[in-house]
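To start, the structure under review is shown below, and the notes come after it.
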Amino acid sequence: MPFAESARAATQNLTEESHLRIVLDYLLNHGLGRANARPWSDIENHLTSRGIQMSQTQFQQGVLAYTRSGDIFIGSNDHSPRGYFLIQERGDFDTAREFYVRRIAAQQTNLDHLDSLLAQSNF
Numbered sequence: 002m003p004f005a006e007s008a009r010a011a012t013q014n015l016t017e018e019s020h021l022r023i024v025l026d027y028l029l030n031h032g033l034g035r036a037n038a039r040p041w042s043d044i045e046n047h048l049t050s051r052g053i054q055m056s057q058t059q060f061q062q063g064v065l066a067y068t069r070s071g072d073i074f075i076g077s078n079d080h081s082p083r084g085y086f087l088i089q090e091r092g093d094f095d096t097a098r099e100f101y102v103r104r105i106a107a108q109q110t111n112l113d114h115l116d117s118l119l120a121q122s123n124f
């Protein structure tokens, strides 16, 4: 079963010091489901308390990218409650999916605008 169950299984194969395991354990205990989404500042503070310095960009390009390429998939929410969470039920999936729909729509608007500027140019 993907999502939270996969996160539980993954932690068994990671060392205690693994950045990924530390994040997954934290989300399993504090960020299970969209209602318990954890803001980046909470995750960063937890990592710092374990002696790990990680920027949000490093988190996104490392931990998130890794989990999203498999079947764990840490969800994101830019509405209340804002933050990151492990998908546990269908509503969590819907929230994570809507986050992407909004992001893709915003990028499509930017692309459309760029194309219109090109059409107005002398290129």
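Numbered by our numbering, the letters in the sequence shown go through residues 2 to 124 in order.
Quick reminder that beta carbons are idealized off the backbone N, C-alpha and C, glycines included.
Is the beta carbon of residue i less than 8 Å from the beta carbon of residue j?
i: G32; j: Y85; result: yes
i: S77; j: A97; result: yes
i: Q62; j: W41; result: no
i: R22; j: L15; result: yes
i: E90; j: G34; result: yes
Please report how far the alpha carbon of residue i lies from the alpha carbon of residue j, in whole angstroms.
i: P82; j: F124; result: 45 Å
i: D113; j: F94; result: 28 Å
i: Q125; j: Q109; result: No statement about residue 125 is possible, as the shown extent of the chain runs from 2 to 124 and does not include it.
i: E45; j: L119; result: 41 Å
i: L115; j: F60; result: 30 Å
i: N1; j: Y67; result: For the chain, the structure presents residues 2 to 124; residue 1 sits outside this window and is missing.
i: P3; j: N111; result: 33 Å
i: Y101; j: D43; result: 22 Å
Report the residue from the options whose alpha carbon sits nearest the alpha carbon of residue i.
i: D72; options: Q61, L87, Q59; result: L87
i: A36; options: T110, D116, H114, G92; result: G92
i: E18; options: F94, L48, F4; result: L48
i: A38; options: F4, H80, S50, N46; result: H80
i: A5; options: Y101, R69, L119, N111; result: R69
i: Q54; options: H20, S117, Y67; result: H20
Could you round the C-beta distance between residue i and residue j to whole angstroms and report it? I think they count as a contact, below 8 Å.
i: T12; j: L28; result: Going by Cβ atoms, the distance from T12 to L28 rounds to 10 Å, so no, they are not a contact pair.
For residue i, which residues of its own chain have a beta-carbon under 7 Å away from its beta-carbon, when the five flanking residues on both sides are left out?
i: L65; result: I75
For residue i, collect the residues of the same chain with a Cβ closer than 8 Å to its Cβ; drop the 5 residues on either side in sequence, then sort them by chain order.
i: S7; result: G71, D72, I73
i: R103; result: D79
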